[in-house]
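Chemist: Just so we're aligned, residue 1283 is where the sequence shown starts under the working numbering, counting upward by one.
To start, I am sharing the structure in question, which I have written as structure tokens.
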Amino acid sequence: MAQRIFLIAGIVFCIIVYYYFILALMNLFPMLIAGPLLFLSILVVMLIINNRKKFRGFR
């Protein structure tokens, strides 16, 4: 349940950062901030998606 909340929050954050990236392309926001933020937001969402239901071995 908590992973689903983090996933939804990450997707919302990606959408917000994408908006800032579009503003940066129009020279209304610094590209040095928007580019890495977009990369990090996509990276975090991919890490959340890939971390679910991972086989951790027999115990």
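Where is the CB? At the ideal position from N, CA and C, for every residue including glycine.
1. Hey, how far is the Cα of A1291 from the Cα of A1284?
2. On the three-state DSSP scale, how would you describe L1325?
3. So, at 8 Å on beta carbons, what are the nonlocal neighbours of N1333 in its own chain, with the 5 sequence-adjacent residues on each side left out?
4. How is R1341 classed by DSSP in three states: helix, strand or coil?
Modeler: Working from what's here:
1. Along the sequence shown, one-based indexing puts residue 1291 at 9. Along the sequence shown, one-based indexing puts residue 1284 at 2. Computed Cα separation, rounded: 11 Å.
2. If you number the sequence shown from 1, residue 1325 lands on position 43. Note: L1325 maps to helix in three-state DSSP.
3. Working through the sequence shown from its first residue, we reach residue 1333 at position 51. Cβ neighbours of N1333 beyond the five flanking positions: Q1285.
4. On the sequence shown, residue 1341 is found 59 positions in, with the first residue counted as 1. For R1341, the three-state secondary structure derived from DSSP is coil.
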